[in-house]
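Protein sequence lines, in the order shown, are assigned to chains P and S.
Numbered by the numbering used here, the letters in the first sequence go through residues 1 to 351 in order.
Numbered by the numbering used here, the letters in the second sequence go through residues 1 to 351 in order.
For every residue, glycine included, the Cβ atom is placed at its ideal position computed from N, Cα and C.
Model, not experiment: these values are computed from the prediction.
Quick notes on the structure that follows.
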Amino acid sequence: MALLRNARRFLVATAATTALALLVTGCSSAAPPSASGNASSAPAANRSITFIPKQLNNPYTDVVLGGGKKGATAAGFAKSNVVGPLEASASSQVSFINAETQAGTNAIVIAANDPDAVCPALTEARNGGAKIVAFDSDTNPTCRDLFVSQVVAKDVALIQVELIAQQIGGAGDIAILSATANATNQNEWIKYMEAELASNPKYKDIKLVAKVYGDDADTKSFQEAQGLLQAYPNLKGIISPTTVGIAATARYLSTSKYKGKVALTGLGLPNEMRKFVKDGTVTEFALWDPAQLGYVASFAGKALLDGTITGKEGDKFTAGDMGERVVGANGVVIVGPPTRFNKDNIDNYNF
Amino acid sequence: MSEVLSAEIGAGRSTATRVLTSRGAVMWYLVLAVVIVLSLVVPRFASARTAGFLLLDVIPILMIALPMTLVIITGEIDLSVASTAGLTSAVMGVLWARGMNIYLVLAVCLIVGLLAGAFNGFMVTWVGLPSLAVTIGTLALFRGLALVVIGDNAVANFPRGLTTWATSKIGTTGIPVFIIIVLALIAIFAVVLHLTPFGRGLIAIGFSKEAAEFVGIDVGRAKFYLYVATGLVSSMAGIFWTLRYSSARSDNASGLELAVIAAVLLGGISIFGGKGSIPGAVAGVLMIGVINYALRLQRISDVVLIIVTGTLLIASVVGPSIFEWLSRARHDRRVHKDLTITANTPLSPAS
Numbered sequence: 001m002a003l004l005r006n007a008r009r010f011l012v013a014t015a016a017t018t019a020l021a022l023l024v025t026g027c028s029s030a031a032p033p034s035a036s037g038n039a040s041s042a043p044a045a046n047r048s049i050t051f052i053p054k055q056l057n058n059p060y061t062d063v064v065l066g067g068g069k070k071g072a073t074a075a076g077f078a079k080s081n082v083v084g085p086l087e088a089s090a091s092s093q094v095s096f097i098n099a100e101t102q103a104g105t106n107a108i109v110i111a112a113n114d115p116d117a118v119c120p121a122l123t124e125a126r127n128g129g130a131k132i133v134a135f136d137s138d139t140n141p142t143c144r145d146l147f148v149s150q151v152v153a154k155d156v157a158l159i160q161v162e163l164i165a166q167q168i169g170g171a172g173d174i175a176i177l178s179a180t181a182n183a184t185n186q187n188e189w190i191k192y193m194e195a196e197l198a199s200n201p202k203y204k205d206i207k208l209v210a211k212v213y214g215d216d217a218d219t220k221s222f223q224e225a226q227g228l229l230q231a232y233p234n235l236k237g238i239i240s241p242t243t244v245g246i247a248a249t250a251r252y253l254s255t256s257k258y259k260g261k262v263a264l265t266g267l268g269l270p271n272e273m274r275k276f277v278k279d280g281t282v283t284e285f286a287l288w289d290p291a292q293l294g295y296v297a298s299f300a301g302k303a304l305l306d307g308t309i310t311g312k313e314g315d316k317f318t319a320g321d322m323g324e325r326v327v328g329a330n331g332v333v334i335v336g337p338p339t340r341f342n343k344d345n346i347d348n349y350n351f
Numbered sequence: 001m002s003e004v005l006s007a008e009i010g011a012g013r014s015t016a017t018r019v020l021t022s023r024g025a026v027m028w029y030l031v032l033a034v035v036i037v038l039s040l041v042v043p044r045f046a047s048a049r050t051a052g053f054l055l056l057d058v059i060p061i062l063m064i065a066l067p068m069t070l071v072i073i074t075g076e077i078d079l080s081v082a083s084t085a086g087l088t089s090a091v092m093g094v095l096w097a098r099g100m101n102i103y104l105v106l107a108v109c110l111i112v113g114l115l116a117g118a119f120n121g122f123m124v125t126w127v128g129l130p131s132l133a134v135t136i137g138t139l140a141l142f143r144g145l146a147l148v149v150i151g152d153n154a155v156a157n158f159p160r161g162l163t164t165w166a167t168s169k170i171g172t173t174g175i176p177v178f179i180i181i182v183l184a185l186i187a188i189f190a191v192v193l194h195l196t197p198f199g200r201g202l203i204a205i206g207f208s209k210e211a212a213e214f215v216g217i218d219v220g221r222a223k224f225y226l227y228v229a230t231g232l233v234s235s236m237a238g239i240f241w242t243l244r245y246s247s248a249r250s251d252n253a254s255g256l257e258l259a260v261i262a263a264v265l266l267g268g269i270s271i272f273g274g275k276g277s278i279p280g281a282v283a284g285v286l287m288i289g290v291i292n293y294a295l296r297l298q299r300i301s302d303v304v305l306i307i308v309t310g311t312l313l314i315a316s317v318v319g320p321s322i323f324e325w326l327s328r329a330r331h332d333r334r335v336h337k338d339l340t341i342t343a344n345t346p347l348s349p350a351s
């Protein structure tokens with residue numbers, strides 16, 4: 001009797017779980033399997049490209065990926081996919097890379113959360129024939145073919161220091177509110193900012209008093225901004241070299257007594273920053289056009305697959321409407337100079 | 001409940017039947033059913049690569065799930081496991097970067113795990129604080145210590161031999177070599193829980209702490225040992241994590257504690273204590289791992305993935321409760337009927 005009952009329970013449970021598994025995987029199983037096995041042997045018409053951003057559901061990433069998808073279509077990829085983790089932690093991207101390796105994806109475009117953690121998985125993908133393009137945030141140079149960089153890292157750092165110096169009148173305490181403590185590009189910019197503050201006599205009266213990390217999470221960044229102003233009552237300005245951080249900090253400042261008194265600059269998206277520029281919380285900030293980053297990365301992937309470039313210094317490829325790009329030292333491709341946004345020009349941009 | 005029922009009906013059920021219809025066994029049937037279905041439905045799922053990537057993904061969860069099963073069976077919890085793994089990773093990175101012999105580094109890492117576990121155990125058993133409160137505290141504390149130890153740096157240049165060993169496969173089977181260590185751990189924990197008086201004592205503690213004390217079980221010492229074991233195994237998982245991703249960072253394995261607890265509960269271990277098995281926990285880990293992997297292979301967003309995991313978890317907790325309620329209702333009805341019959345017939349000697 002008990003055995004019978006248990007058998008029935010087992011059957012019901014099996015049926016339920018199987019149905020669930022079918023339901024969740026079945027919806028996309030209609031898609032034909034892409035070229036598997038040796039990824040590089042795929043004919044040009046049947047190529048696939050996959051973007052792996054640092055994390056999904058990040059407004060900046062969405063703009064980059066929008067450009068990437070557009071570029072992928074223009075570059076003639078038959079299929080372009082976006083996969084990625086919900087949290088920007090070091091190892092979270094690895095299983096996505098593995099799945100792409102298994103799917104035989106031809107070009108993988110990745111913004112690495114950690115330059116080394118993704119390396120073994122990328123190497124395995126390359127051994128399978130895939131071409132690896134890093135964009136936005138570099139991997140260890142040995143594990144990718146090319147790195148498509150927004151702008152020269154030093155320029156990004158210098159423009160932010162220059163902006164904050166103008167806004168606080170060249171003297172006073174400032175702080176940096178960054179993304180995660182390990183973010184490759186933010187840390188590189190911060191390094192240049194610190195060097196510039198220490199070496200340039202123009203900035204000798206500016207003192208960097210704190211570096212805090214909002215982890216590219218809105219709430220955490222908001223709280224860190226709040227904490228900064230409580231801990232450093234003499235704070236004159238904040239640099240936030242990340243779009244999530246600057247938007248959260250601006251939101252805090254705009255509703256606090258510090259509005260207009262504590263300067264805020266950094267890297268932000270015009271659409272997110274528009275109201276803070278108009279209400280006087282933020283005077284001027286900077287960014288490049290993130291969509292171009294994805295666009296150029298797609299064409300870099302195509303050129304690598306065509307075999308027209310290998311990623312060595314001096315290689316040239318055409319990035320669709322954006323014209324020719326040259327590969328620099330260490331396989332780095334530069335997209336363009338940063339743009340400054342203020343109340344006079346912000347309405348000309350929509351991203 | 002069905003156990004009680006069958007005991008009343010008579011000793012008709014053999015040990016084999018009981019084992020084959022236990023919750024743990026049912027979980028294994030479900031895992032097999034899901035694997036078979038996914039192999040048929042998801043292209044490329046049935047391959048040696050899947051075995052390799054999937055097992056590498058679940059190894060840290062699988063390892064920590066073993067001592068966690070024992071902890072949860074006694075009615076306690078340990079939320080600090082992922083932070084212990086992160087702290088281990090940080091210590092490993094710093095010591096290696098300072099030039100310490102790698103095997104000495106590994107030994108120190110295990111000691112860090114032991115101490116972390118012993119601290120939890122001390123606070124829970126001798127200070128007598130609730131484990132939930134203690135381990136929420138150490139979750140933050142150990143992660144904080146990891147940040148103090150390694151800061152925002154990442155150490156990546158571990159000996160190549162070790163990092164390749166951590167991800168190497170047994171021949172062409174695709175099964176990672178490291179799984180042998182995991183199998184040994186599974187065997188140890190299964191024997192301890194199911195075949196020793198100590199293990200039976202743990203189940204007794206979970207049912208009723210007072211009753212267990214009355215029959216002479218040293219509840220405090222048992223729990224202390226469990227926390228030490230959890231700390232030790234967590235540090236082993238931290239070492240594996242660091243080698244697998246060849247990157248030691250403060251945020252390694254963050255959030256892993258929830259994955260572990262979800263898998264353990266899915267495996268039929270009661271959050272109220274007193275019920276559960278090691279095979280069940282292993283099946284729970286595999287179930288979540290397999291479904292996650294298949295979804296990633298199909299490029300289904302992680303958003304869907306966490307919804308599926310959450311739903312499975314709730315189903316696994318609520319399902320048995322509903323089932324129990326139904327069978328109790330049926331039992332009560334039958335007893336009620338029997339009572340009316342016996343009330344109408346003359347009393348017979350006790351059966």
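Here the region 241 to 259 of chain S makes contact with the region 83 to 95 of chain S; the two share three or more CB pairs at distances below 8 angstroms.
Listed along chain P, the residues sitting closer than 7 angstroms to S/Ala156 by beta-carbon distance are Asp116. The C-alpha of P/Leu56 is placed about 33 angstroms away from the C-alpha of P/Gln167.
Listed in chain order, the non-local C-beta contacts of S/Phe272 below 7 angstroms within the same chain comprise Gly75, local neighbours out to five positions each way being set aside. For P/Phe317, the beta-bridge partners assigned by DSSP are P/Arg325. The way I'd put it, the region 331 to 343 of chain P does touch the region 281 to 300 of chain P; three or more beta-carbon pairs between them come closer than 8 angstroms. P/Ile110 is the residue among P/Ile346, P/Ile110, P/Gly294 whose C-alpha sits nearest the C-alpha of P/Asp138. Measuring C-alpha to C-alpha distances from S/Met92 to each of S/Ala204, S/Val105, S/Ser254 identifies S/Val105 as the nearest.
With fewer than 16 neighbouring CB atoms inside 10 Å of its own CB, P/Gln230 falls in the exposed class.
For P/Glu224, no pairing in a beta bridge is given by DSSP. Looking at the backbone, the Cα of P/Phe135 and that of P/Gly328 are separated by about 14 angstroms. Interface flag for S/Thr172 against chain P is unset, since no Cβ pair is found closer than 9 angstroms. Interface criterion not met: the Cβ of S/Thr88 is under 9 angstroms from no Cβ in chain P. Ranked by how close their Cα comes to the Cα of S/Thr125, the residues S/Val37, S/Lys209, S/Ser235 have S/Lys209 in first place. Its Cα nearest to that of P/Ile176, the residue P/Val262 stands out among P/Ile334, P/Val262, P/Cys143. With a 10 Å radius around the Cβ and a threshold of 16 neighbouring Cβ atoms, P/Asn127 comes out exposed. For P/Ala263, the enclosing beta strand (DSSP E) starts and ends at 263 to 266.
Along the length of the region 146 to 197 of chain P, whole alpha helix (DSSP H) runs at least 4 residues long occupy 153 to 168, reported in chain order. In the three-state reduction of the DSSP assignment, P/Glu100 falls in the helix class, which pools H, G and I. If the five residues before and after P/Ala153 are omitted, its C-beta is found closer than 8 angstroms to the C-beta atoms of Asn185, Glu188, Trp189, Tyr192, all from its own chain and listed in chain order. Per DSSP, the unbroken beta strand (DSSP E) holding P/Lys131 starts and ends at 131 to 135. Near chain P, meaning a CB-to-CB distance below 7 angstroms, the residues of the region 317 to 344 of chain S are Phe323. In this structure, P/Thr265 sits away from P/Gln93, with a CB-CB distance that is not shorter than 9 angstroms. Contact fails between the region 130 to 137 of chain S and the region 235 to 242 of chain S, because fewer than three Cβ pairs, one in each stretch, are under 8 angstroms apart. Counting only residues of its own chain and dropping the five nearest sequence neighbours on each side, S/Ala97 has a CB closer than 7 angstroms to the CB of Val155. Under the Cβ criterion (8 angstroms, minimum of three pairs), the region 194 to 204 of chain P does not count as touching the region 215 to 234 of chain P. Against chain P, the beta carbon of S/Gly284 has no neighbour under 9 angstroms; the closest one sits roughly 12 angstroms away. Going by C-alpha positions, P/Cys143 is about 10 angstroms away from P/Lys131. Ranking P/Val63, P/Gly68, P/Val64 by CA distance to the CA of P/Lys302 puts P/Gly68 first. Inter-residue distance for S/Leu305 and P/Thr123 is about 26 angstroms (C-alpha atoms, whole angstroms). When beta bridges are read from the DSSP output, P/Val82 appears opposite P/Phe51. Trp241, Arg244, Tyr245, Ser246, Ser247, Arg249, Ser250, Asp251, Asn252, Ala253, Ser254, Gly255: these are the residues of the region 240 to 270 of chain S whose beta carbon lies less than 9 angstroms from some beta carbon of chain P, given in chain order. At a cut-off of 9 angstroms between beta carbons, P/Gln223 makes no contact with chain S. Residue pairing from DSSP leaves S/Arg160 without any beta-bridge partner. Excluding residues up to 5 positions away in sequence, Val71, Thr135, Thr230 lie with their Cβ nearer than 6 angstroms to the Cβ of S/Asp78 in the same chain.
Residue pairing of P/Glu284 in beta bridges, as defined by DSSP: P/Asn342.
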